[in-house]
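>
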Amino acid sequence: MWLNPEEVLLKNALKLWITERSNDYFLLQRRRGHGESTGKITGLLVGALDTVLDSNARVAPFRILLQIPGCQISWVIASGAAIEEVNRHWDWLIRNLLHSLSVFENKDDLASFVKGKVKGLIAEEVRGRQVALEGDPERFREALQKFELHFGLPSSEKLVTYFSCCCWKGHVPRQGLLYLSTNHVSFYSFLLGKEVKFVIPWAEVVRLERVSSGLMHDAVRLVTRQKIREFSMFLNRDEAFGAIAQMCDIALRRLLDSEGLELDRQLLQPGLLNKRVLEEQALREYVLALFRLPRSERLLELASCSVWTPHTRSHTAGTLYCTDQYLCFSSKEEGHCTLILPLQEVLSIEKAESTSPLPNPVIVSVRSKKAFQFIELQEREELVESLNHRLRALQWKVSMFRDKRQSKRSVTSPTPYYTFYYDTGLSDEEEIEEQVLRNTVNSEALMTAFHQNQPGNNSNKSTEKVKERLWEDHFEEFGRGVHMFRTEKIQRLVAMGVPESLRGELWVTLSDACSELESHEGYYSSMVQKSMGQSTLATDEIERDLHRSLPDHPAFQNPTGIAALRRVLTAYAHRNPKIGYCQSMNILASVLLLYAREEEAFWLLVCVCERMLPDYFNRRVIGAQVDQSVFEELIRERLPDLADHFPNLSCLSSVSLSWFLTLFLSVLPFSSAVCVVDCFFYSGIRAIFQLGLAVLEANTAQLCTSTDDGHALMILTGFLEQVGTEDSPCAPSSPHSAPEDNNEPPPVKNTNITVLINEAYEKFGDLTVRQIERLRCRHRIQVLQTHEETTKENALRIVSSEVSMSPENLSNAYDLFKTEHLVSLYWGDSSSVAAAEAASWRQTDSGRSFTERQYRLDRAQFKSLYCLLVPWPGNSEQHSDTLGNRTFTLLSQDTDSLVTFKDFATWLDTLYCGELNEKIRHLYRLHIPPALTESEDDPSLLRNPLLSSNRPLYVTRPEAEECDEGKSYQEQLKQMLKDLGKEKEKDAEKPLPLMNQREFIQFCKTLYSLFHGDPEENELFQAIATVTSLVLQIGEVGHQGSKVPQEPKQEMTTTDTSENDDWTISFAQILASLLTEQALVNFFEKPVELAAKLAAAKEKQYHQRAVLLSLQHKVR
C-alpha cells in the first residue's frame, strides 16, 4: 500500500533489509528473515524484534524506497505484507514515473514531484473508504490490509478498531494485534517463526472481566463456551476493555433474540461502525441515562462551558450537551449541578458581547421569563447558529400543530373531561355507570378525592406545612419547573420527603413528563378511545391484575380508581405493543394515579418504561436482570463481608428483583415507598442501587449469621416492613413477636426512611451514572448469553425425546444449526434488516412456541449444512445439490418454507441412528411428491427459493394468522389444543404413496451415486442392478395385471394411455427387494460416527460459508 513519504537515513541499517530490485530512483526491499526457508537465527531475531517492539507499517516485510542520486536521505513510499502487492506498486512506478524523472535537474523538485504523486494515490485510495473516518488513516489502512490478509473473511466483515497487546498461551505471552470487527474478535501474532491466529465470533463470548494476577497485570479475560483467552500489555487497558465490551454488547443485541432490546438505528448497520461511532455511541448512552432523555434523542453538539448559578453567585464549570430537543448542562462533578432546558421552553438563544470576565457569552431565554448565561463556549458562532436553526424548526412545527388543532376544534368539540367519585358500592345501573367510567378521563389526582381515607395523613399537618415552606423557598432560589437547577440541596429536600401537595407536580417536573404532555396534547385521549373495547392478551392480563394493585388503598376499592388504572394501562399497551403490559406496571401506575392527573400519570408511565428503566418491561425483563447482575457486582465490591458469606449472590438478587421492578413499592410500607419513588424521579435508577446497598449494609451482621436462603429472606422482609416515616412509624409486625423459633430473626428496630435514604447517599453517593452504564454494558453480555443457554436447553429437551442420538451430539448439532443462521446474518446483504424483521416476526407469531421460533433455516442455509453432514460422501456435487433441495422441500412443507431445529435433528437422527427401513423410507420419500416435483428439470424453482439466505427468518404470515391476534386468550388456548390433536394424528404412520416408473428411475440414480467411491463399490453396483431388475419385473407384472379389467374400455380411454402405461410400485416392495442383497443391507446398516462428522463440519462450516459469501459479493 502507498504510504505518506517518510525519511530513512540509513537504507540498510543494521542489515535489517535486503534489496530485491533497484534502479536509479527506487529500491524494493525485503525484511531480513521474511520468506527465508533456512530459519537463520538472525531472521528469527529480526522477526521477534518487529513483533514485540511495534506492529505498524514500518515493519511490513516489503517496502519501496525513493532514493535521489547523490543524496544520503531516502523516503519510504510504499509497503506491504505480500510481495505481489509491492510488485504492483513497483510496476506502476516504472511504467508511470521512471521515464519522467530524468528531466529534473533539481533534487528537491524531483523529490517533491514523487511525493506529490504518492500522496495523490493515497488520497484516491482513502476516498470513499472507511479509513477516511479514522483519526490515523495511514496506520488504519495498514491494519485493515493485514486483517484482510491474515483472516480471509468476506469484505462485508468491517474492521472497526484494533489494539496492540499480548495474548497469553499458558505462561508464554504472544505479542500481536487484536482486531475488533463487526461480528468477530481476532488475534494475530508472528513470533520467533511461530504464527498464532484465531477468530472468535462475538456470539460465542459469554463473559468479559478484568484480572490482575501473577504475570498478567491488568489483563482482559474473554470467556467463550469452549476457551478462556487473556490479553494484556495494552497501551490503554481501559480504552481497550471498553471497546471490547461495547462491540460485544452491540453484536449480541443485534444478532441474538433480544425480544425488543433498544438499539440505535445506526448500530443496526454494521457497515457504518467505526471507532468514532463507538465513542459517540458510548457518550450518547451516558447522556441519555444521566438526563433521562427520550431514547430517540441524538447527541449533536458537545461543548465545555460555565453557567451562571444564582444560588452560588458564581459560574459553575461543566459541559453543555445539545440534542435534538434539549440543552443539558452537567457540572464537572456529576450530580453537583444539573440543568435541563427543553427547546420547546426556549424563546431565544442570543450571543452577548464578549468581555474579559465573560468570554463568549450566550444567553438562553425561556418562557418562564428567566434567562441562563453560558460563558467560555468554544466555536460559539457555529453552536448558536445550529441551535437557532433547530429552535426555529421546532417553533414552526408547534405553530403548525396549533393551527391544525384549532381548525379541528372549530368542527368538533374536544373530548370532555369529567371526574366521577363514588363512596359506596355500585347502584342498580351498574353496567351504564361502568361504561361511563371506562371512557371518562379523570382531571385530578385520585388522592384529592380519597385523601381523607389515607391513614396517617392527619397525624402531623405541621410537618407537611414545614416541607411546603422549604420547597417554596427552594423554588424562589433555584427556579420552578423542568428548567430549575438540580443541586445537592434539592437532593436533601427529596430525601426528607416531598409534601403530598407538591408530589405530583415534582414527579412530572423531575421526569420531564411535562414536556411530553405539552407537546402531545390530546394524544392520551385518542389512545384511550382507540384502545377501549379491544380484546388482546395484554388487556386480559390487565383485567386480571386491576384489583391486585394497591388493594388496601381506598382509591382502588372504588370503580373510579379501577377505571382510571384500566385506561392508563390499556392506553400504554396500545401505544407500545412491543412492551404491551408487564406485571408490576399495575403497581407503579396505581401510585402515579394517586398523585398525578390521569393524563400526567400516563406520561409518567411512558417516562419510566421508555426512558428511566429501558428494557425492564419486555417479555423477559432483560433490563431488570442486567441490573440484578450489576447489583451483584456492586455487592462484591462495596460489601465484601456479605459477599464472602454468600458465594452465590443469586439468592439476594432474587429478593432484590422486586425492589427494582416495583421501586420498593411492593416491599415497603406505602408512606415509605412513595419517598423512594421521589428519589427515583430525581436520581433515576442510581437511587435504587444506592438504597438497595444501604438495606443490605444495614442488615449485614444478621445476614452473615443466616443459615439458609429462607432465613436471609425473612431478615430482609422483616427489616423492610419496619421502615416508616416520621408521620407514620411502623409498629413491629406480629410474626416476630414470638422468639421461640431459632430460625426467626430477632425483633427489628424501627428505621426512618429519611435516615435510610440519607445513609444511602452518604455511603454510596460516589456511585455514578457513568459507572452504572459501563457495568450494564458488560453484564448485558452475560444475561443475553444466559438466555441463549436456556433457550438451547429447552430446545434440546423438546427434541431429545424424539431422537436417539446422544445428548452431546444433539448439542453439537444445535450449535451447527445456530451458527449457520448467524453466519448469514454476519455477511448477508441486509443482515441488520433481516435481524430486525426476524425480531419483529418472533414477537408477533403466536402460533408457535418461542423455542420453535428461535432459529430456522432457509433453503440455501440448509443445503450448506446438508453438504457438510450427509453420511454418504460418494454423492456428486450436482446430485448432492438436488437431494439437498428435495430434503429441504420435504422437511419444510409444514413450516412456511423454513426448517426448524426439530426437523433438522429428526432428519440427522434418521440418517445416522435410524434403522435400515427408516433410511430407505427417507430416500423413498425424497423421490415422490412433494419432494420430487414435475418441474424439477427446470432449476429456476430450486435456485429461486421463497426466502433468500440473507433473510433467514422473515415470514409473511397468512391472513388467517393475522386474524388470530384479535382472538381472546381462551380461544387461543382452544386452538393450541386442536393443533396438538393434529400433531398426534400426523405422528401416526401413514402408508406412503406409490412410486411410478419415472420416480423409480430417479431413485436408482440416487442409489448409484451413493455407492460411488465406496470400497465395496463393485459389489454394491451388482447388487443394485439385481434389485433394479427384480423391481422392474414386479412393476411390469403388477402393471399387466392392472390392465386386464380395463381392456373392454380401451377404445374409450385412448387419450389416457400415457398414464395407464406407467406402472407403480410400493415402498414395501422396494424394501423387500433391497433386503435380498446382503451388500446393500451392510451398506445401510454400516455405522457412521456422527460425533466425528459434526466435528469435521464445525471446522469446515465457517470457512466454507465465508468463502462462498465472499464469492457472492464479488459477483455482485
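Quick note: the sequence shown uses our numbering, first residue 5, plus one each step.
We put the CB at the ideal spot given by N, CA and C, even for glycine.
#1: Would residue 679 and residue 591 be called neighbours here (beta carbons separated by less than 8 Å)?
#2: By DSSP, does residue 212 sit in helix, in strand, or in coil?
#3: With distances taken from CA atoms, which of 247, 830, 897, 386 is nearest residue 259?
#4: Helix, strand or coil, according to DSSP, for residue 659 in the structure here?
#5: Beta-carbon within less than 6 Å of residue 488's beta-carbon, same chain only, minus the 5 sequence neighbours each way: which residues are those?
#6: Note the first and the last residue of the continuous alpha helix (DSSP H) segment covering residue 1011.
#7: Say whether the region 758–777 touches the region 692–712, bearing in mind that this needs 3 or more beta-carbon pairs closer than 8 Å, one atom from each stretch.
#8: With a 10 Å radius around its C-beta and 16 neighbouring C-beta atoms as the bar for buried, classify residue 279 as buried or exposed.
#9: Kindly list the residues whose CB is nearer than 8 Å to the CB of residue 637, restricted to its own chain and excluding five residues on each side of it in sequence; keep chain order.
#10: Could you tell me the alpha carbon to alpha carbon distance between residue 726 and residue 770, rounded to whole angstroms?
#11: Restricting to Cα atoms, I'd like to know which of 1000, 606, 801, 1088 is closest to residue 920.
#12: Report the residue from 621, 533, 540, 710 whose alpha carbon sits nearest the alpha carbon of residue 571.
#13: Less than 8 Å between the CB atoms is what I'm expecting for residue 595 and residue 656, so what's the real figure, rounded?
#14: In whole angstroms, what is the alpha-carbon distance linking residue 833 and residue 479?
#15: Alpha carbon to alpha carbon, what distance is there between residue 1096 and residue 809?
#16: Quick check on the DSSP output: the alpha helix (DSSP H) that includes residue 891 runs from which residue to which?
#17: Taking the beta carbon of residue 169 as the centre, do at least 16 other beta carbons fall within 10 Å, making it buried, or is it exposed?
#18: According to the neighbour-count rule (16 or more other Cβ atoms, all chains shown, within 10 Å of its Cβ), is residue 551 buried or exposed?
#19: If residue 937 and residue 926 are in contact, beta carbons under 8 Å, what's the gap, nearest whole angstrom?
#20: How is the beta strand (DSSP E) around residue 9 delimited, first residue to last?
#21: Per DSSP, what are the beta-bridge partners of residue 355 in this structure?
#22: Within a Cβ cutoff of 6 Å, which residues of the same chain sit near residue 147, ignoring the five residues on either side of it in sequence?
#23: Tell me which same chain residues have a C-beta within less than 6 Å of the C-beta of residue 1131, skipping the five on either side of it?
#24: Assign residue 175 to buried or exposed, taking buried as 16 or more other Cβ atoms, counted over all protein chains shown, within 10 Å of its Cβ.
#25: What separation, rounded to the nearest whole angstrom, lies between the Cα atoms of residue 155 and residue 67?
#26: Please report the distance separating the alpha-carbon of residue 535 from that of residue 574.
#27: Any idea if residue 340 is buried or exposed, counting beta-carbon neighbours within 10 angstroms, 16 or more meaning buried?
#28: Helix, strand or coil for residue 174? Go by DSSP, reduced to three states.
#29: Expressed to the nearest angstrom, what Euclidean distance is found between the alpha-carbon atoms of residue 1037 and residue 1003?
#30: Distance check for residue 868 and residue 1102, CA to CA, integer angstroms please.
#31: Given a cut-off of 8 Å on the beta-carbon distance, is the pair residue 364 and residue 379 in contact?
#32: Quick check: the region 306–320 against the region 371–386, are there 3 or more CB pairs under 8 Å?
#33: Compute the distance between the beta-carbons of residue 890 and residue 996, then report whether it is under 8 Å.
#34: Should residue 405 be labelled buried (16 or more other beta-carbon atoms within 10 Å of its own) or exposed?
#35: Enumerated in chain order, which unbroken segments of the beta strand (DSSP E) with a length of 3 residues or greater are wholly contained in the region 507–582?
#36: Check whether the Cβ atoms of residue 122 and residue 69 sit closer than 8 Å, and answer yes or no.
In short:
#1: Using a Cβ distance threshold of 8 Å, residue 679 and residue 591 do not count as a contacting pair.
#2: Assignment of residue 212 by DSSP, reduced to helix, strand and coil, places it in the strand class.
#3: Here the closest residue by C-alpha is 830.
#4: DSSP places residue 659 in helix when its eight states are reduced to three.
#5: Non-local beta-carbon contacts of residue 488 in its own chain, meaning distances under 6 Å to residues more than five positions away in sequence, involve 482 in chain order.
#6: Per DSSP, the unbroken alpha helix (DSSP H) holding residue 1011 starts and ends at 1001–1015.
#7: Counting C-beta pairs closer than 8 Å gives three or more between the region 758–777 and the region 692–712, which meets the contact rule.
#8: Buried.
#9: Excluding sequence neighbours, residue 637 sits near 779, 783.
#10: Looking at the backbone, the Cα of residue 726 and that of residue 770 are separated by about 27 Å.
#11: Between residue 920 and the set 1000, 606, 801, 1088, the nearest pair of CA atoms involves 1088.
#12: Cα-wise, what sits closest to residue 571 is 533.
#13: Not quite, the Cβ-Cβ distance comes to about 25 Å (not below 8 Å), so this is no contact.
#14: Its pLDDT being 46, under 50, residue 833 is placed unreliably in this model, and the coordinates cannot settle the point.
#15: The C-alpha of residue 1096 is placed about 13 Å away from the C-alpha of residue 809.
#16: DSSP places residue 891 inside the alpha helix (DSSP H), whose first and last residues are 881–895.
#17: The residue is buried, with at least 16 neighbouring Cβ atoms inside 10 Å.
#18: In this structure residue 551 is exposed. Its beta-carbon is surrounded by fewer than 16 other beta-carbon atoms within 10 angstroms.
#19: Not a contact, Cβ separation roughly 18 Å.
#20: From DSSP, the beta strand (DSSP E) with residue 9 extends over 6–12.
#21: Beta-bridge analysis with DSSP links residue 355 to 366.
#22: Cβ neighbours of residue 147 beyond the five flanking positions: 166.
#23: Because residue 1131 is not part of the residues shown, which for the chain are 5 to 1120, the question remains open.
#24: Under this definition residue 175 is an exposed residue.
#25: Rounded to the nearest angstrom, the two C-alpha atoms are 22 Å apart.
#26: A straight-line Cα-Cα distance of about 6 Å links residue 535 and residue 574.
#27: The residue in question, residue 340, is exposed, as its Cβ has fewer than 16 Cβ neighbours within 10 Å.
#28: Here residue 174 sits in coil by DSSP.
#29: Cα-Cα distance, rounded: 16 Å.
#30: One C-alpha to the other measures close to 12 Å.
#31: The Cβ atoms of residue 364 and residue 379 lie closer than 8 Å to each other.
#32: Taking 8 Å as the limit for Cβ pairs, the verdict is that the region 371–386 does touch the region 306–320.
#33: A distance of 8 Å or more separates the beta carbons of residue 890 and residue 996.
#34: The Cβ neighbour count for residue 405, taken over all protein chains shown within 10 Å, is under 16; the residue is labelled exposed.
#35: Here no run is fully enclosed.
#36: Contact flag unset, no.
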